[in-house]
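Accompanying notes for the structure given below.
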Amino acid sequence: MLCVMKLEGMDIQRAMVVYAHPDDAEFGVAGTVAKWSRAGVEVTYCMITNGASGSDDPKMTRERLREIRYAEQRAAAKILGVKHCVFLGYEDGYLYPTLEVRRDVARQIRIHRPDVLVTMDPTMRIADDLYVNHPDHIAAGEVALRSINPDASTRQMFPELWTDEHLEPHKPKALLLEAFGRPATVVVDISDVLEIKVKALRAHTSQLGPEAEAMVREWAKRTGKAAGYKAGESFRIVRLENDAAERPRRQKRPPTRARAKAARHAAAGTRRRSSTGRR
Ligand SMILES: [Zn+2]
70 MLCVMKLEGM DIQRAMVVYA HPDDAEFGVA GTVAKWSRAG VEVTYCMITN
120 GASGSDDPKM TRERLREIRY AEQRAAAKIL GVKHCVFLGY EDGYLYPTLE
170 VRRDVARQIR IHRPDVLVTM DPTMRIADDL YVNHPDHIAA GEVALRSINP
220 DASTRQMFPE LWTDEHLEPH KPKALLLEAF GRPATVVVDI SDVLEIKVKA
270 LRAHTSQLGP EAEAMVREWA KRTGKAAGYK AGESFRIVRL ENDAAERPRR
320 QKRPPTRARA KAARHAAAGT RRRSSTGRR
């Protein structure tokens, strides 16, 4: 039986993490993943590319590196308690949000039916004037957002998923965007799972410079501090269960004074996470 984890008042039983590369999740959200897995939430990783560009060694081949990175990602997922690890196998560094990629991600969402979808914000192009985001990260985030609306949630999108594969449409309750140095609306306390996150990160032996672990610890410390935690991970949360499009018969009300006040409070609770890591 699946267990329930509360996230901002929502019941979470299943979560899916959609990222571009093996190791993206360990740098970014593995503390939250470890916490959820520990609580019994069924977490699925959906890694879109094969990681085959991640080496500067002239003796390395894309074929060998692909296998190394799959193995590293599986090891990290095992440490975190991730239930399913799906590799879509697109070439690392060549990713575009094509119809083929969109269908493949929509298929996984319809199969695993997550309550929450975690991905990287595709509007994040430059962080702290120090880091140019990898275009695969942007493409993966874009595909994830398109899966919310319309790819995974709309019956007539990719109708073959429904007619041939019998996969019903699915829309998660919430989208969680890794904040990555931008304003966040939720900080998850990962103090008690930070060591598990670091252990999972270390599984990516082929990718880590000597500074990686210290960098991730510093990010966690800085992110947590703003919310009063020893370590944290921050997200922007999009609550899809409140999506007006889901309630077409209910008339939209103008903002009341109370709701405007609540919005101001939410904005005041915003935390910033700053990160300059390369991945
Ligand atoms: Zn990456």
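Note that this note's numbering has the sequence shown beginning at 70, numbered continuously upward.
Note that the Cβ used here is the ideal one computed from N, Cα and C, for glycine as well.
Which residues does DSSP pair with residue i in a beta bridge?
| i | result |
| --- | --- |
| Arg-305 | Leu-246 |
| Val-87 | Cys-115 |
| Asp-258 | Gly-301 |
Quick one: Cα of residue i to Cα of residue j, how far?
| i | j | result |
| --- | --- | --- |
| Arg-194 | Lys-268 | 28 Å |
| Asp-161 | His-273 | 16 Å |
| Arg-316 | Asp-92 | Confidence at Arg-316 is low in this model, with a pLDDT of 47, below 50, so its placement is unreliable and no value can be given for it. |
| Tyr-163 | Asp-205 | 7 Å |
| Val-110 | Arg-83 | 6 Å |
| Lys-242 | Lys-147 | 26 Å |
| Gly-150 | Gly-301 | 19 Å |
| Glu-247 | Ala-144 | 22 Å |
Would you say residue i touches ligand 1, meaning its beta carbon is less than 7 Å from a heavy atom?
| i | result |
| --- | --- |
| His-206 | yes |
| Ala-89 | yes |
| Asp-93 | yes |
| His-273 | no |
| His-235 | no |
| His-203 | yes |
Contiguous beta strand (DSSP E) assignments of at least 3 residues, all confined to the stretch 171-207: 185-189
Only counting runs of 3 or more residues, tell me where the beta strand (DSSP E) segments fall wholly within the stretch 108-159, in order along the chain. 111-118 and 153-159
Does the structure place the stretch 71-91 close enough to the stretch 181-194 that three or more beta carbon pairs sit under 8 Å? These segments touch.
Between the stretch 224-232 and the stretch 168-175, can you find at least three pairs of beta-carbon atoms closer than 8 Å? yes
With a cut-off of 8 Å, do at least 3 Cβ pairs link the stretch 113-127 to the stretch 216-224? no
Just checking, does the stretch 207-214 make contact with the stretch 146-154 on the three C-beta pairs under 8 Å criterion? no
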